[in-house]
Amino acid sequence: MMGIIFGVCSVIAMLAIGEGASYEAQEAIRKLGSRNIIIRSVQPPKGESTADSKRTYTATYGLKTNDVAHLVETVPSIERTLAKRRYRLEARHGQRKAACTVWGTEPHHLEMSQARIIKGRFLNENDERYRSNACVITDSLAQELFPAEEPLDGMVKFNNKDVFVVVGVIQETGSAQARAPGGDTAGEALDANIYISLKSAHARLGTLFLERSAGGYSRERVELHELVAEIDAVENVEDTKSSIAAALKKSHPKQDYEIIVPLELLRQAEQTKRIFNIVLGSIAGISLIVGGIGIMNIMLATVTERTREIGIRRALGARKQQIVTQFLVETIVLSIGGGLVGVVLGVALPFAVEHFAEMKTIVTIPSVILAFLISAIVGVVFGVYPARRAADLDPIEALRHA
Numbered sequence: 002m003m004g005i006i007f008g009v010c011s012v013i014a015m016l017a018i019g020e021g022a023s024y025e026a027q028e029a030i031r032k033l034g035s036r037n038i039i040i041r042s043v044q045p046p047k048g049e050s051t052a053d054s055k056r057t058y059t060a061t062y063g064l065k066t067n068d069v070a071h072l073v074e075t076v077p078s079i080e081r082t083l084a085k086r087r088y089r090l091e092a093r094h095g096q097r098k099a100a101c102t103v104w105g106t107e108p109h110h111l112e113m114s115q116a117r118i119i120k121g122r123f124l125n126e127n128d129e130r131y132r133s134n135a136c137v138i139t140d141s142l143a144q145e146l147f148p149a150e151e152p153l154d155g156m157v158k159f160n161n162k163d164v165f166v167v168v169g170v171i172q173e174t175g176s177a178q179a180r181a182p183g184g185d186t187a188g189e190a191l192d193a194n195i196y197i198s199l200k201s202a203h204a205r206l207g208t209l210f211l212e213r214s215a216g217g218y219s220r221e222r223v224e225l226h227e228l229v230a231e232i233d234a235v236e237n238v239e240d241t242k243s244s245i246a247a248a249l250k251k252s253h254p255k256q257d258y259e260i261i262v263p264l265e266l267l268r269q270a271e272q273t274k275r276i277f278n279i280v281l282g283s284i285a286g287i288s289l290i291v292g293g294i295g296i297m298n299i300m301l302a303t304v305t306e307r308t309r310e311i312g313i314r315r316a317l318g319a320r321k322q323q324i325v326t327q328f329l330v331e332t333i334v335l336s337i338g339g340g341l342v343g344v345v346l347g348v349a350l351p352f353a354v355e356h357f358a359e360m361k362t363i364v365t366i367p368s369v370i371l372a373f374l375i376s377a378i379v380g381v382v383f384g385v386y387p388a389r390r391a392a393d394l395d396p397i398e399a400l401r402h403a
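Residue numbers (the working numbering): 2 to 403.
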């Protein structure tokens, strides 16, 4: 019976954990937009970059500002675009500091993301036009840099030189953590703490940054790290991806970009979910089979102990079918009893995992019903042999049993 209990419990718990992990992954990808195509700058092999010296070289790669206009002109299915430039900087306010990601972005960023302003405002057309020093920070950074102050109108200094004024606080969402191939964020992850206008980013922070590497320094010049293209219809996404690749091929012969389609990632995630659930269900199913074998052994022992009782019933006129039904019902009751206990534990365990391990779990009604039905089926399958063996006992020999 313990095998059935743990088997049912493991089926429900493992499927709940798998469902939760799959939900988070799919939700993160879905937040990127089913009609969006993300184009990201990637650095080609260093041998293809122009070296200034043996110890210091400049890697110029990735998307250019004029690529945006070129794509809009040549790919009619693109409704609008969102260009972004990323910086890894240290932000300071007074004596407090934090390593963060600064995104140079455009005023319609909020419309194409799942972010929400909770204080102040977001960047507007004037910030972009006049390259203002306005910035919007995430709520976690506001708590870190302004723990006892009002962040609005507060001063934030980047790398001890560029000063920006906080005009708004944006709410972070855990689902913004979708990651694209290569490990960087396809959307803004939770470390993307600051937003400034794209033109201000280019004017104040530039397109060149210095990074320490083995044997010296590497300098990278990138105009845009990411370009999000919103497509007019979901059914046009696949064709638009091909059109974008063709449009960029001439101006980027080194393939210093990658095209990410969240819709494709979502389909892959759904396929992975199905495989994952099958694997987890199979593993848990083995526990149920082991539990069924245990119940069968118990019932075989019960048949041996009750041989004389079976002989008396047969002598009084009980038919074989009645004996089979009796032992089969007992086996099923035993299995269902274990299944009920397993369901209770299986539903409770995911909640405990979610509470203590902070891992998303989702208990679904179909998984509970499936696990319970399997426990009943196990009782039937593994109860047939003991029941048949009891029914096939010779009544005379059974009565002689001590």
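Beta carbons are placed, not taken as given, at the ideal position from N, Cα and C, and that holds for glycine. Computed from a prediction, not measured in an experiment: that's the story for all the values here.
Would you check if the distance between the CB atom of residue i and the CB atom of residue j is smaller than 8 Å?
i: Gln115; j: Lys32; result: yes
i: Ala99; j: Glu145; result: yes
i: Pro396; j: Ala316; result: yes
i: Ala399; j: Thr305; result: no
i: Ser288; j: Gly19; result: no
i: Ala1; j: Ser23; result: Residue 1 is absent from the structure shown; the chain starts at 2 and stops at 403.
i: Ile79; j: Val379; result: no
i: Arg36; j: Val348; result: no
i: Ala377; j: Ile333; result: yes
i: Ile363; j: Gly21; result: yes
For my contact list, residue i and residue j are in at a C-beta cut-off of 8 Å; report their separation, rounded to the angstrom.
i: Ile232; j: Val103; result: So it is not a contact: roughly 28 Å between Cβ atoms.
i: Thr82; j: Leu228; result: 6 Å
i: Ser418; j: Ser201; result: Residue 418 is absent from the structure shown; the chain starts at 2 and stops at 403.
i: Val167; j: Gly155; result: 5 Å
i: Leu72; j: Ala230; result: 7 Å
i: Leu329; j: Gly384; result: 5 Å
Return the residue from the list the options that minimises the CA-CA distance to residue i.
i: Asn160; options: Arg205, Glu20 and Leu400; result: Arg205
i: Pro367; options: His226, Gly121 and Ala14; result: Ala14
i: Ile119; options: Gln96, Glu129, Leu153 and Phe147; result: Leu153
i: Val137; options: Pro148, Tyr131 and Thr106; result: Thr106
i: Phe277; options: Pro254, Val12 and Glu265; result: Val12
i: Cys10; options: Lys85, Leu350 and Val223; result: Leu350
i: Thr61; options: Leu281, Lys162 and Val223; result: Val223
i: His94; options: Pro148, Ile299, Ser376 and Val344; result: Pro148
i: Tyr131; options: Arg117, Ser141, Arg122 and Pro108; result: Pro108
i: Lys250; options: Ile40, Gly21 and Gln27; result: Ile40
i: Val345; options: Ala358, Leu199, Val369 and Val325; result: Val369
Would you list the residues sitting across from residue i in a DSSP beta bridge?
i: Lys158; result: Arg93 and Val164
i: Glu227; result: Arg41 and Lys85
i: Ala259; result: First, the residue type needs correcting, since residue 259 is Glu and not Ala in the sequence shown. DSSP output for Glu259 lists Arg41 as bridge partner(s).
i: Gln172; result: Arg117
i: Thr308; result: According to DSSP, which records beta bridges pairwise, Thr308 is partnered with nothing at all.
i: Gly347; result: Paired residue(s): none; Gly347 is not in a bridge.
i: Leu16; result: Paired residue(s): none; Leu16 is not in a bridge.
i: Ile195; result: Val103 and Ile138
i: Thr61; result: Arg222
i: Lys98; result: Arg93
i: Leu371; result: Per DSSP, none; premise fails for Leu371.
When the cut-off is 8 Å and only beta carbons count, does residue i lie next to chain B?
i: Arg309; result: Among the protein chains of the structure shown there is no chain B, as only one such chain exists.
Does any heavy atom of the ligand MG sit closer than 7 Å to the C-beta of residue i?
i: Pro351; result: Questions concerning the ligand MG fall outside what the structure shown contains, since it holds no ligand whatsoever.
Evaluate the contact criterion for the stretch 85-93 versus the stretch 255-262: three or more CB pairs, one atom per stretch, below 8 Å.
-> no
Contact between the stretch 353-360 and the stretch 335-344: three or more CB pairs below 8 Å?
-> no
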